[in-house]
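Order-wise, the sequence lines are chains A, B and C. The opening residue of the first sequence carries number 21 in our numbering; numbering runs sequentially from there. The opening residue of the second sequence carries number 17 in our numbering; numbering runs sequentially from there. The opening residue of the third sequence carries number -14 in our numbering; numbering runs sequentially from there. Note that beta-carbon positions come from the ideal geometry of N, C-alpha and C, so glycine has one too. Report on the structure given below.
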Amino acid sequence: MTEFLQQLVNGLEWGSIYALIALGYTMVYGVLRLINFAHGDVYMIGAMVSYYAARKLAAASISMGGLQFPILLALSMIACAALGALIERVAYRPLRKAPRLSVLITAIGVSLLLEYGGQLLFGADPKFFPELIPNAPLFTFDGVTINRIQCLILAISLLLMLVLRFVVMKTKVGKAMRAVSFSHTASQFVGIDVDRVITVTFLIGSSLAGAAGVLVALANPKIDPLMGIMPGLKAFVAAVLGGIGSIPGALLGGYLMGLAETFVVAYISSTYRDALAFVLLIAILLLRPSGLLGKAIKEKV
Amino acid sequence: MKTLSRFFCLLTLILSATACQKSENVLLIGEYGSLTGGTATFGQSSHKGTQLALDEINAQGGLLGKKVKIITEDDQSRPEEAKTAVLKLIKQNGVISVLGEVASSRSLAAAPECQKAKIPMVSPASTNPKVTEVGDYIFRACFVDTFQGEAMAKFAFNTLHAKKVAVLKDIKNDYSVGLDEFFEKTFKDLGGEIVGVESYSEGDIEFRAQLTSLRSKTPDAVYVPGYYTEVGLIARQARELGITVPLLGGDGWDSAKTLEIGGKAVNDCYFTNHYASDDPSPTVQGFIAKFKKKYGETPDAMAVLGYDSAGILFDAIKRAGSGDPAKIRDALATTKDFPGVSGNITMDENRNAKKRIVVLKIENGAVTFSEAMNP
Amino acid sequence: MALAFLKRLRIPIAIGALLALNFVFKNYVNPYVTQIVCMIGINIIMATSLSLINGHTGQFSIGHAGFMAVGAYTSAAITVYGHNAVLSAFHFLPAELVQDIFFILAVMAGGLAASFAGLFVGIPALRLRGDYLAIATLGFGEIIRVVILNLDVIGGARGFGDIPEYANFFWIYLFALLTVVLISRMVYSVRGSAFLTIREDEIAAESIGIPTARYKTIAFCVGSFFAGIGGGLFAHLFTYLHTNSFTFLRSIEFVVMVVLGGMGSITGAILAAVVLTILPEALRAASEWRMVVYSLLLISMMLLRPQGLFGLKEWNPFNKAKKCS
C-alpha cells in the first residue's frame, strides 16, 4: 500500500508537468489546428534560461534570498513567451494558408533547430541546475515521502492552471481565443484581430511550457538541450488523450499520462516507459479520436 | 536514366579526384568519436583527452622526428557513421592508426574495417568483450565488462558484506547491460542474492517509479552501472525516497558532474574506476592540472582514457620505430607497464588493458580511494 | 529502328552496366567512395519508397526508419542464423551461387516483414488524418525501436553484429533500379492515379468510388516493403546493426529528401537522396552544424519553395505519363 501511494505521489508530480506542457499544445491546436512540435523544446529553453540567469546572479554575487526562485520562474516564463511568439511570427504565420503538412514540417524544422542549435549554443553536456530550494521532505506518513519540491510543483501548476482558466473564461482575450478556436472567419466578421489572438495564445502557451521547464529543473536538476523531446511528445499524447483543443482535457490528459506512466514503470516494466505514450496515443486515436473530453467534429464536405 | 548515369560518372570522378593525400613529414593518426548526437558529451570528452596528448607529444618534438597529426571524424553517435568515418580515415586520409570509440556499439561497427585494412585501432573506453575479438589489430585501453562487474561484486560481498543487492541498469546502453550481467553472475556465485532488477533508458530523468519498487525489496546496496549523466539524479531520487543504503557503480560514474548533480546524495557510494583522482602520483596530478589549464574543467573518465589511449599509441609508435601499421600493431601488443594516468597498463593476450582496478568511495563531497584489486 | 531494338534489350543492358560498374568500383575506386555511392543507392530506395506514401498518396508518415529497421534486423537474423544451415544443405551447388540466392531471399524476407509492419501501421492509419497520422507513425517507429532493444536474440542494446557483407554496388543498385521502376510504374499507371486523387482530396476520391482504404493500405505496404529492402541492404553493407541507426532523426532525413525533391516527384526524391547523402560527407568539417543546417533547410524550404525542387513533375521523360497533376 505504501508503495502504491508513493507511486501515486510520483505520478501526480509528473502529471502536473505534462499538464502544463499539454495546455500549450492544446491551446495552439485550438486556434491554429497545428501541432506545435517545437513546444517541447520551448520547455527546454525555459530550463536553460533560468539556469544561465541563476549562474549570472551567482557570479555577480547578487543574492535575493527567497525571491530568487519566483524571479527566475517569471524570467523564464517571459523569455519563453517571447520565443513562442517569435516562432509563430517567423515560421507559422507565413504558412497560415498553406497545406497543414507544410506547417507540420516547418514545426519539425523549428524543433530540430532548437534542439541542435541548443547543443551548439549550450554545449551537449548535461548541466546541473542549482539548488534554489532545498528539497527536504515535507510530509512523511506511513513510509510515503512527499518532498517540498513536489508540493511546490503541484501548487504552482494548479495555480497557473487556475489563472489560465480565469483568463480563458472571464476575460475578453480569453473569449477572443475561444472564438478563434471555433472559426477564424467568423471571428474576423465580428472584428477580432485573429493574428493578435494567435500571438497571445502562443505567448500564454509557451510561458506555461517555460514554467514547466523550470519546475522540472528544480526537481530533477539535470538539464541538457535534448531534454524536451520526450516530455514534449508525452505531453502531446496527454493533450490528445484529454481531447485536443479542450483545456480541461489537457489537464485531465496530463495527470492521466503521468499516473499511467508511473504505474506502468512500477508494475509492468520500465523499458517500455517511452513506448507507453505512443501505445496510448494510437489506442486513443483509434478508439476515441476526439479524446476523453473533446467533442467529435464531423468533417463537412 | 541517361542523365542519371552521366551524373554518377561525374560524381565518381569528383570523389576519386579527392584522393589520398600523404604528407611526408607528418604522422597521420585517425580519431573517430561521437562529437554530436545523443552521446556527444562522451565523445567530446575523450576528444579533449586525446588532443591534450597530441599537444604534449608535438611539444616534445613529435614522434620519429615527424609531427603528429590527428584527423578527427564525427560519427554522430551512429554506428554506421562510425564505419564510414573509419573508412574515410583509412582509405581517404591514409592514417597509420585509429583511435576510437568510446561506445562499444560504434567500436564494433568500425573495428572490422580496421582489421580488414590491417590498421591498428585503440579504443579508449569500449568495454564489450567482443570488440577486441574482432581481430588482432584491435586493442583497448580500458578493462572489460567482465573484470569490472566481477570486481564490484566481490567488493560488495566481501567488503561491504552486502547479501542482497538490487540493480538499476540502463537498458539502452550495452556498457550498463554488460556490467550488470557480470556483476550479477559473480555476486550470485559468491552466494549473494539479487533481489530486484529495474531498468531505465539513457536520457531519462525520472527514476522514482523504479526506485520505489526496489525500495520495497529492502536491499543492502543498489548497483547502478550507468553513466554519470543519470547517476546523479538517480542518487538524489533514491535518497528522497528514503533509500539510505550505498549505491554502487562503475567507471561510468567518473565525472565531476556526478558530484555536482548528486550533491549530498552520492555520499557513502562506491564505484569502480581506473584511477583515483586523489592519487598523489605525479602522473595523475600532473594530468589533472594540465587538463584544467587547457580546458578549465576537471577531466572525467572518458577524457582520461582518451589521453591514455593516445599515449599508448604514441608509445607503441616510438617503440616500433616506424610508421608501418604492422610494426605498430606488434609494438602495441607488447605494451608493458605503460605509465598511464589510469594506471600501469600492460596489454594482455586478448589485447585488453591489464591494469588494476580501484574502488572509490564518495564521502563528504569528495572522491577517496577505498580499495584496489589486481587482475 | 535501332532504338526499338535497344529498348527490347533494356534489361540485359541494365544488368550488364551494373555488373561493369560493380567491377570498376570494387577494383579501381577508393572503398570510402564506394561506400558513399552504396549509401546513395540505399537512400534512393528509402526516398522513393517514402515518396510513394508521403508524396504520391499524401499520407504523412514520419516513421519510415522503423520499417527500415524491421527489414534490416529480419534479413540480418536470417543470414546470421541460417547461414551455415543453408550452405551445408546446398553444398552440392557452388557456394557463391547459394550465397547470392540466400542473400536475395533474406533481403526479400526483410521486405516482406517490413510490409507486414506497414500493414500493421497502415490499417489503424486509415482512420487518421494529417497531423495525427504523422504522430502515430512517429509512435510506431519508436515502438518498433523499443521492441528491438528488448529482443536479445537480435542483440538488443548490444547491437547485432557479424552480419556477412553481401551487399555491394551491384545488388544495391539492382534493387534501387527495381524500386524506382516498380514504384513509378505503380504510380503512373491508370489505376495508380488513384493514389494522387487520394492525395488531392480524399473525400472526393471516396465519393467517386475509389476504395481509398485499399489504396492507402497498398501505399503503406508497398512503401514499407521497399523500405525493408533498403534496410536489408543496409544491414549487409554495414555488417553491424544498432537501434541508434533507426531513430526519429533518420526518419526525418528521409522526409527531408522527399520534401526537398518535391512531394510527388520520384526523380526529385532520387536527386535529393543523392545530394543529401553527399552533402554531409563533403561537409564533415562542420559536422556539428549538420542538424542545424538540415532544420534551417526544412524551414526555409517550407517558407520559400514548399513544392521542393521538382514540385509535382518528374524530370525525365522516361515513362509515358510525365506529368500527373
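Notebook entry, point to check: In terms of residues, what are the limits of the alpha helix (DSSP H) holding B:S325?
Noted result: 317 to 336
Notebook entry, point to check: Which value, in whole angstroms, describes the spacing of the CA atoms of B:K370 and B:M137?
Noted result: 17 Å
Checklist line | Residues within the stretch 223 to 241 of chain B neighbouring chain C, beta-carbon criterion of under 9 Å | finding: none
Check: What residues of chain B sit near A:T165, judged by a beta carbon separation below 9 Å?
Finding: E256, L257, G258
Next item on the list: Go to B:A388, then tell me how far its beta strand (DSSP E) extends in each direction, as first and last residue.
Entry: 382 to 389
Checklist line | Contact list for B:E89 against chain A, beta-carbon separation under 8 Å | finding: Correct list: empty, because the minimum Cβ distance to chain A is about 17 Å.
Notebook entry, point to check: List, in order along the chain, the chain C residues whose C-beta lies closer than 8 Å to that of B:T52?
Noted result: S272, E273, R275, M276
Item checked: Against chain C: residues of the stretch 132 to 153 of chain B by CB proximity under 8 Å -> N144, K146
Item checked: Three-state class that DSSP yields for A:P157 in the structure shown -> strand
Next item on the list: Specify the secondary structure class of C:R290 as computed by DSSP and reduced to three states.
Entry: coil
Notebook entry, point to check: Is B:L195 closer than 8 Å to B:P241 when the C-beta atoms are compared?
Noted result: yes
Item checked: Burial state of B:R255 (16 or more Cβ within 10 Å) -> buried
Item checked: Residue burial classification, C:I193 (beta-carbon count within 10 angstroms, cutoff 16) -> exposed
Next item on the list: Determine the chain C residues that contact B:I187 at a beta-carbon separation under 9 Å, and present them in chain order.
Entry: L134, N135, G141, A142
Margin query: What would DSSP say about A:F149, mapped onto helix, strand or coil?
Written below: coil
Next item on the list: Go through the stretch 36 to 100 of chain C residue by residue and report every complete run of the alpha helix (DSSP H) that reaches 4 residues or more, in order.
Entry: 49 to 74
Next item on the list: Report yes or no: is there a C-beta of chain B within less than 8 Å of the C-beta of A:Q88?
Entry: no
Next item on the list: Thinking B:T288 and B:G266 are a contact (beta carbons under 8 Å), I'd like their distance in whole angstroms, please.
Entry: 5 Å
Next item on the list: Compute the Euclidean distance between the alpha carbons of A:G31 and C:A220, then round it to the nearest angstrom.
Entry: 40 Å
Checklist line | Inter-residue spacing [alpha-carbon to alpha-carbon] between B:T350 and B:S123 | finding: Going by the C-alpha atoms only, they are around 22 Å apart.
Note to self: For the beta strand (DSSP E) containing B:T362, name the first residue and the last one.
What the structure shows: 359 to 363
Next item on the list: Indicate whether C:L35 and C:G208 have their beta-carbon atoms separated by less than 8 Å.
Entry: yes
Notebook entry, point to check: Cβ atoms of A:E135 and A:P241: under 8 Å apart, would you say?
Noted result: no
Next item on the list: For C:I63, collect the residues of the same chain with a Cβ closer than 7 Å to its Cβ; drop the 5 residues on either side in sequence, then sort them by chain order.
Entry: A91, A94
Check: With 8 Å set as the bound, which would you pick, yes or no: does the beta-carbon of C:H227 sit closer than that to a beta-carbon of chain B?
Finding: By this cut-off, C:H227 is an interface position.
Check: Who are the neighbours of B:P128 on chain C, taking C-beta pairs under 8 Å?
Finding: Within 8 Å Cβ-Cβ: T224, Y225.
Margin query: Contact criterion: CB-CB distance below 8 Å. Does A:D294 meet it with respect to chain C?
Written below: yes
Note to self: Please classify B:E246 as buried or exposed, where buried requires at least 16 other C-beta atoms within 10 Å of its C-beta.
What the structure shows: buried
Note to self: Just to check my reading of the structure: B:A101 and B:Y153 have Cβ atoms closer than 8 Å, yes? What is that Cβ distance to the nearest angstrom?
What the structure shows: About 17 Å; that fails the 8 Å criterion.
Margin query: Looking at A:I169: is its Cβ nearer than 8 Å to the Cβ of A:I153?
Written below: In this structure, A:I169 lies near A:I153, with their beta-carbon atoms less than 8 Å apart.
Notebook entry, point to check: Would you say A:E135 faces chain B, with C-beta separation under 8 Å as the test?
Noted result: no
Notebook entry, point to check: Taking C-alpha atoms, which residue in C:I29, C:I38, C:T164, C:N69 lies nearest to C:R184?
Noted result: With distances taken between CA atoms, C:R184 lies nearest to C:I38 out of C:I29, C:I38, C:T164, C:N69.
Checklist line | Buried or exposed by the 16-neighbour rule on C-beta atoms within 10 Å, applied to B:K64 | finding: buried
Check: Should the stretch 38 to 51 of chain C be regarded as contacting the stretch 119 to 134 of chain C, the criterion being three or more beta carbon pairs within less than 8 Å?
Finding: Yes, the stretch 38 to 51 of chain C touches the stretch 119 to 134 of chain C.
Next item on the list: Have a look at B:A382 and B:D220 and give me their C-alpha separation to the nearest angstrom.
Entry: 26 Å
Next item on the list: Starting from C:Q20, find everything on chain B with Cβ-Cβ shorter than 7 Å and list it in chain order.
Entry: T100, L103
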